[in-house]
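Single-structure report; data block below.
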Amino acid sequence: MVSPQSTEELSEILSNERGSVVPVGASTQSHFGNPLRSFDCAVDLKQLNRITEYVPADLTIHVEAGVTLGELRRTLAENRQFLPLDPWNGPTATMGGIASANSQGPYRACGSMRDWIIGMKVVEVNGKVSKTGGRVVKNVTGYDLAKLYTGSIGTLAIITEISLKVRARYERTVTAIARFETLEATETALGLIRTSSLQPVSCEWVGPEHEVWLRFGEHPRAIDWQLKNLPPAQWNVTEGPDEDAAWERLRGRFSALGPVVAKVVGLPTTMAEIVAVCNPSGWIAHALNGIVFMSVTNAADVDRIRTNHRVVVERAPLEVRKEVSTFGLSDAEYALMLRMKRAFDPEGRLNPGRHVDGER
Amino acid sequence: MRPEIIKKLKAIVGDDCVVSDETELLVYECDALTLFRNKPDVVVFVTRTEQVAAVVRLANEHKIPFLPRGSGTGLSGGAMAIAGGIVIELQRMNKILAVDVENRIAVVQPGVVNLHISQAVAQHGLYYAPDPSSQSACSIGGNVAENAGGPHCLKYGMTTNHILAVEAVLTDGSVVRLGNAAGEAIGMDLLGAIVGSEGTFAIVTEITIRLLAKPQAVKTLIAAYHSIEECSQTVSDVIAAGILPAAFEFVDAKTIEAVEASVYRAGYPRDAAAVALIEVDGFRDGLEETGNQIVEICRRNKAYEIRVAKDEEERAKLWMGRKGAFGAMGRISPDMLVMDAVIPRTRLPEVLAEIDRISERYKLPVANVFHAGDGNLHPLILFDSRQADQVDRIFAMGEEILRVCVDVGGSLSGEHGIGCEKKEYMCMVFSDADLATMLQVKAVFNPEGLLNPDKIFPTRRSCTEIGKQTTTSTAEIEKRIETVLRGNAR
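Order-wise, the sequence lines are chains A and B. Numbering-wise, the first sequence is residues 1 to 360 according to my numbering. Numbering-wise, the second sequence is residues 1 to 490 according to my numbering.
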């Protein structure tokens with residue numbers, strides 16, 4: 001295990017390393033991805049924990065990969081700013097880990113991690129340091145390789161620095177939660193939300209109890225208007241510390257899903273059908289995105305759902321991940337990603353087996 | 001182009017869909033960046049994905065360069081056939097294939113004009129957000145290739161944030177589908193890499209886009225200033241107040257002069273040093289207060305005239321001046337070069353002052369009209385292409401302006417792309433190693449380099465040698481970098 005203090009030190013280490021290399025952050029995502037095949041050298045990135053630059057007036061922040069989401073939030077909060085994401089793996093996760101796993105949570109109205117990254121610095125397996133993007137909020141200079149690194153579970157290169165866009169905090173946020181009797185009643189309510197003028201920043205459907213969680217962030221009066229125009233139900237409205245605590249509870253609910261969590265990617269209008277057919281014991285769905293995280297039991301369940309839908313294994317014990325591929329890639333995706341992996345890491349030494357090289 | 005190739009192309013797309021006449025080809029010798037010109041050998045008009053794939057396979061078989069083209073409105077030479085070869089013209093693939101109102105998505109062909117999408121879905125209260133100034137002419141395929149922006153990407157993001165899935169023809173002629181209607185990247189975000197690859201990774205033949213609900217209300221105003229600094233400070237103060245405007249545009253005195261003398265006359269105060277065009281949108285409730293808050297910030301920064309659009313007609317008029325600004329320049333100058341740099345928005349005043357000094361030194365006027373909210377500058381260098389010495393000067397001047405922007409932490413392009421225009425300047429922001437990694441990715445998608453060659457990457461020998469005017473072909477530099485890479489791998 002090595003703990004580099006800087007990008008340059010990591011570069012030095014990797015240029016002398018000949019074995020397999022495994023980057024490690026806060027280990028909040030170790031149940032995600034295909035099983036690791038081998039490792040000779042673990043790279044602990046937690047020492048890369050500096051916020052290198054923060055210019056509130058530019059709405060940009062530049063952090064090293066080991067900075068935690070919690071620390072980022074605290075720093076931004078001092079200037080009434082925030083990163084509009086709340087990945088399920090929570091405040092102890094590192095920004096490098098969140099980017100590598102493309103982690104996400106209920107906060108989906110403003111996109112996912114990929115949409116907030118404006119630049120990255122990485123170290124490739126041979127020690128070569130390269131950057132992509134830049135430090136400004138809008139940029140089309142050169143290829144946007146940050147998109148490729150995001151979600152590649154550290155198999156193309158090790159992310160060491162990330163530049164992010166951020167936003168001013170909303171003047172007010174409010175959460176409304178309601179429980180519905182049946183799947184049909186929930187689907188009706190969600191349909192009304194989808195076709196209404198409401199613009200929740202989060203819209204989660206939690207099962208099997210059929211709760212709908214809506215979070216609004218806006219001008220206070222715009223929030224009042226939205227609360228007045230909710231679809232008919234017994235809405236329980238919270239704000240302030242209670243609101244934060246409620247979402248923290250939902251994060252707990254997410255952690256309790258399992259033993260295998262399948263992320264089924266559909267459409268907002270097909271979610272009810274997905275849930276009805278799969279009949280999971282518990283689920284949380286990003287209802288406005290058509291993405292359902294559901295509890296399933298084993299690899300066979302994943303395979304069965306895959307006959308009709310795109311499924312990513314979001315979280316599973318090692319034995320299950322040995323049996324079923326994480327991403328379920330199409331032939332075309334598999335071929336392109338494998339070529340990409342080989343271009344960056346011809347000897348397959350970086351996080352071997354965790355991504356495309358462990359798919360088939 | 002050899003007659004047998006022309007014959008084979010005609011067999012793929014039909015006799016009347018192949019243009020190889022020297023005079024007719026003149027139309028395709030450049031895009032909206034008219035300073036760089038080269039005629040393709042042949043242009044084929046395709047109507048179906050299979051035709052694109054067949055043309056690509058043919059090009060591969062005979063090692064002929066090829067590139068896609070939409071409306072030809074690009075400003076960096078992305079659709080210019082720098083190495084000749086085959087232009088695959090996608091304008092006739094212009095159907096909106098599906099609109100899914102409830103899921104707020106649409107499936108379109110690449111030749112569909114950007115604005116036509118919003119017009120087609122307006123009846124459902126929806127629209128497509130990215131709005132480049134050329135939106136009434138530019139194609140969505142071109143937007144995807146360049147990751148196009150526009151005034152409203154300050155709040156709503158660039159093209160890449162609105163593309164959910166594509167069907168694409170790869171350089172070997174195979175057809176793939178990447179992404180999904182949920183916009184959820186599965187595994188590596190290959191789609192995210194293709195968007196903005198300036199037509200060098202793949203040819204996109206079908207695009208699934210995100211539609212947004214039209215905001216309930218919009219408030220648009222202009223504020224006129226006697227000084228550029230006061231206008232720039234307003235940007236920072238609005239952002240610092242936690243307001244996220246839908247757009248924040250900056251129009252300088254020279255631009256006002258041109259606009260007010262043209263058909264795009266918007267009624268901007270003619271004596272202003274700068275005019276800010278600010279728009280906020282969202283829920284009706286609360287928008288009035290936000291608008292008032294902005295007016296207050298403008299006043300505090302000494303805006304001497306503030307005009308709030310009373311209705312849609314007035315709003316359209318205020319925008320007409322901004323959107324027509326590039327076209328209006330013809331009133332005051334025979335030619336212009338549109339630049340597209342980005343700087344951290346807090347550095348606006350000093351950079352604008354420096355651009356002014358550079359303009360004086362080179363004795364070529366510069367008009368500034370740009371997206372101030374995200375620091376995306378568009379210095380317009382005004383010149384006369386009939387005078388050879390001026391043409392020489394604009395390149396040196398453009399390079400100096402870019403250097404100033406890069407030195408404050410900025411970048412070469414915010415929304416127009418690098419293309420052939422700025423490829424020699426890439427070394428200002430990227431090292432040899434950065435470019436080598438990009439070429440490594442390019443080689444995955446485009447191993448033989450036949451798709452849209454000689455774009456984006458510098459042709460000079462290397463970044464460390466920039467300044468020396470040694471020119472080599474892109475193929476040579478790619479080979480050189482490859483050698484370096486192989487050395488590293490060992």
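Think of the CB as a built atom: it goes at the ideal place given N, C-alpha and C, for glycine as much as any other residue.
For residue i, the nearest candidate out of the options (CA to CA)
i	options	result
Val55 of chain B	B:Lys422, B:Leu90, B:Arg315	B:Leu90
Phe445 of chain B	B:Arg177, B:Thr208, B:Ser413, B:Thr200	B:Thr200
Glu273 of chain A	A:Arg306, A:Gly19, A:Glu187, A:Glu17	A:Glu187
Leu145 of chain A	B:Thr437, B:Ala443, B:Pro447	B:Thr437
Val169 of chain B	B:Val52, B:Val366, B:Leu212, B:Gly183	B:Val52
Pro259 of chain A	A:Met271, A:Ala300, A:Ala316	A:Ala316
Gly70 of chain B	B:Ala59, B:Val87, B:Asn60	B:Val87
Phe326 of chain B	B:Val251, B:Ala388, B:Arg299, B:Val308	B:Val251
Whole-angstrom distance between residue j and residue i, CA atom to CA atom
i	j	result
His497 of chain B	Lys8 of chain B	Look at the range of chain B in this structure, 1 to 490, and you will see that residue 497 of chain B is not part of it.
Leu287 of chain B	Pro220 of chain A	10 Å
Thr474 of chain B	Asn180 of chain B	Low per-residue confidence applies at Thr474 of chain B: pLDDT is 44, beneath 50, and the placement is therefore not dependable enough to give any value.
Arg315 of chain B	Ser359 of chain B	33 Å
Ile466 of chain B	Glu24 of chain B	For Ile466 of chain B, the pLDDT reaches just 45, beneath the cut-off of 50, and the residue's location in the model is therefore unreliable, although a value from the coordinates is still provided. Roughly 38 Å separates the two Cα atoms.
Ala77 of chain A	Tyr334 of chain A	41 Å
Thr173 of chain A	Ser3 of chain A	40 Å
Gln469 of chain B	Ala433 of chain B	Note that Gln469 of chain B has pLDDT 36, beneath the 50 cutoff, so the model's placement of it is unreliable and the number below is only indicative. So the two alpha carbons sit approximately 21 Å from each other.
Gly191 of chain A	Asp224 of chain A	21 Å
Ala392 of chain B	Val24 of chain A	First, the residue type needs correcting, since residue 392 of chain B is Asp and not Ala in the sequence shown. Those two C-alpha atoms are separated by around 53 Å.
Asp242 of chain A	Trp205 of chain A	19 Å
Pro208 of chain A	Ser281 of chain A	7 Å
Glu400 of chain B	Ala32 of chain B	22 Å
Ile332 of chain B	Phe36 of chain B	22 Å
Asn102 of chain A	Val238 of chain B	32 Å
Phe344 of chain A	Glu124 of chain A	7 Å
Trp283 of chain A	Arg114 of chain A	24 Å
Arg169 of chain A	Tyr28 of chain B	48 Å
Lys254 of chain B	Arg322 of chain B	13 Å
Ser174 of chain B	Leu58 of chain B	12 Å
Asp454 of chain B	Ile82 of chain B	7 Å
Leu14 of chain A	Pro352 of chain A	15 Å
Ile186 of chain B	Gly290 of chain A	14 Å
Gly409 of chain B	Arg347 of chain B	9 Å
Thr208 of chain B	His152 of chain B	20 Å
Leu45 of chain A	Gln390 of chain B	53 Å
Arg345 of chain B	Arg357 of chain B	20 Å
Pro35 of chain A	Val264 of chain A	21 Å
Contact set between residue i and chain D, taken where Cβ atoms lie within less than 8 Å
i	result
Thr290 of chain B	This model lacks chain D altogether, as its protein chains are A and B.
**Asked** Got a sec: which bits of the segment 331-346 of chain B sit with their beta carbon under 7 Å from any beta carbon on chain A, in order along the chain?
**Response** Val342, Ile343, Pro344, Arg345, Thr346
**Request:** Report yes or no: do three or more beta-carbon pairs, one from the segment 97-117 of chain B and one from the segment 137-150 of chain B, lie closer than 8 Å?
**Result:** yes
**Message:** Just to confirm the assignment: which complete alpha helix (DSSP H) runs, minimum length 4, are found wholly within the segment 283-308 of chain B?
**Reply:** 284-300
**Prompt:** When you check each C-beta in the segment 194-222 of chain A against every C-beta of chain B, which residues fall closer than 8 Å?
**Reply:** Arg194, Thr195, Ser197, Gln199, Glu218, His219, Pro220, Arg221, Ala222
**Request:** Using a Cβ-Cβ cut-off of less than 9 Å, list which residues of the segment 165-181 of chain A approach chain B; keep chain order.
**Result:** Arg167, Ala168, Arg169, Tyr170, Glu171
**Prompt:** Between the segment 186-206 of chain B and the segment 73-91 of chain B, do at least 3 Cβ pairs fall closer than 8 Å?
**Reply:** yes
**Request:** Could you say if the segment 329-348 of chain A and the segment 128-142 of chain A meet the contact criterion of at least three C-beta pairs nearer than 8 Å?
**Result:** no
**Item:** Where the segment 261-278 of chain A meets chain B: residues whose CB sits under 7 Å from a CB there
**Value:** Val265, Gly266, Leu267, Pro268, Thr269
**Request:** Give the residues from the segment 282-309 of chain A that approach chain B closer than 8 Å (Cβ to any Cβ), ordered along the chain.
**Result:** Asn289, Gly290, Ile291
**Prompt:** Just by C-beta distance, which residues in the segment 35-53 of chain A are closer than 7 Å to chain B?
**Reply:** none
**alpha helix (DSSP H) segments (min. 4 residues) lying fully within the segment 142-177 of chain B** = 153-156
**Request:** With 8 Å as the C-beta to C-beta threshold (strictly closer), list the residues of the segment 123-134 of chain A near chain B in chain order.
**Result:** Glu124, Asn126, Gly127, Lys128, Val129, Ser130, Lys131, Thr132, Gly134
**Asked** Given a limit of 7 Å on CB to CB distance, which residues of the segment 201-218 of chain B reach chain A?
**Response** Ala213, Gln216
**Message:** Which runs of the alpha helix (DSSP H) at least 4 residues long sit entirely within the segment 198-283 of chain A? Give them in chain order.
**Reply:** 220-228, 241-256, 271-278
**Item:** Selection of the segment 316-338 of chain A by Cβ proximity to chain B, strictly under 7 Å
**Value:** Phe327, Leu329, Ala332, Glu333, Leu336, Met337
**Request:** Give, in chain order, every residue of the segment 56-73 of chain A whose Cβ lies closer than 8 Å to some Cβ of chain B.
**Result:** Pro56, Ala57, Asp58, Leu59, Thr60
**Message:** By the 7 Å beta-carbon criterion, what residues does the segment 227-246 of chain B contribute toward chain A?
**Reply:** Ser236, Ile239, Ala240, Gly242, Leu244
**Request:** Compile a chain-ordered list of the residues in the segment 174-191 of chain B whose CB is closer than 9 Å to at least one CB of chain A.
**Result:** Ser174, Val175, Val176, Arg177, Leu178, Asn180, Ala181, Ala182, Gly183, Glu184, Ala185, Ile186, Gly187, Met188, Asp189, Leu190, Leu191
**Request:** Counting only runs of 4+ residues fully inside the segment 359-429 of chain B, write out the alpha helix (DSSP H) ranges in chain order.
**Result:** 388-407, 426-429
**Request:** Counting only runs of 4+ residues fully inside the segment 51-138 of chain A, write out the alpha helix (DSSP H) ranges in chain order.
**Result:** 69-77, 95-101
**Request:** Note down, in chain order, all residues in the segment 227-243 of chain A with a beta-carbon under 7 Å from any beta-carbon belonging to chain B.
**Result:** none
**Request:** Name, going along the chain, the residues of the segment 89-113 of chain A whose beta-carbon falls closer than 7 Å to a beta-carbon of chain B.
**Result:** Asn102, Gly111
**Request:** Tell me, please, whether the segment 147-163 of chain A touches the segment 214-232 of chain B by the rule of three or more beta-carbon pairs shorter than 8 Å.
**Result:** no
**Prompt:** Quick one: any contact between the segment 377-389 of chain B and the segment 334-341 of chain B, if contact means 3 or more CB pairs under 8 Å?
**Reply:** yes
**Request:** Assess, as a yes-or-no matter, whether the segment 215-223 of chain B is touched by the segment 293-311 of chain B under the definition of 3 or more beta carbon pairs within less than 8 Å.
**Result:** yes
**Request:** Taking a Cβ distance cut-off of 8 Å, strictly less, list which residues of the segment 424-442 of chain B are near chain A, in chain order.
**Result:** Met426, Val429, Phe430, Ser431, Ala433, Asp434, Leu435, Ala436, Thr437, Met438, Gln440, Val441, Lys442
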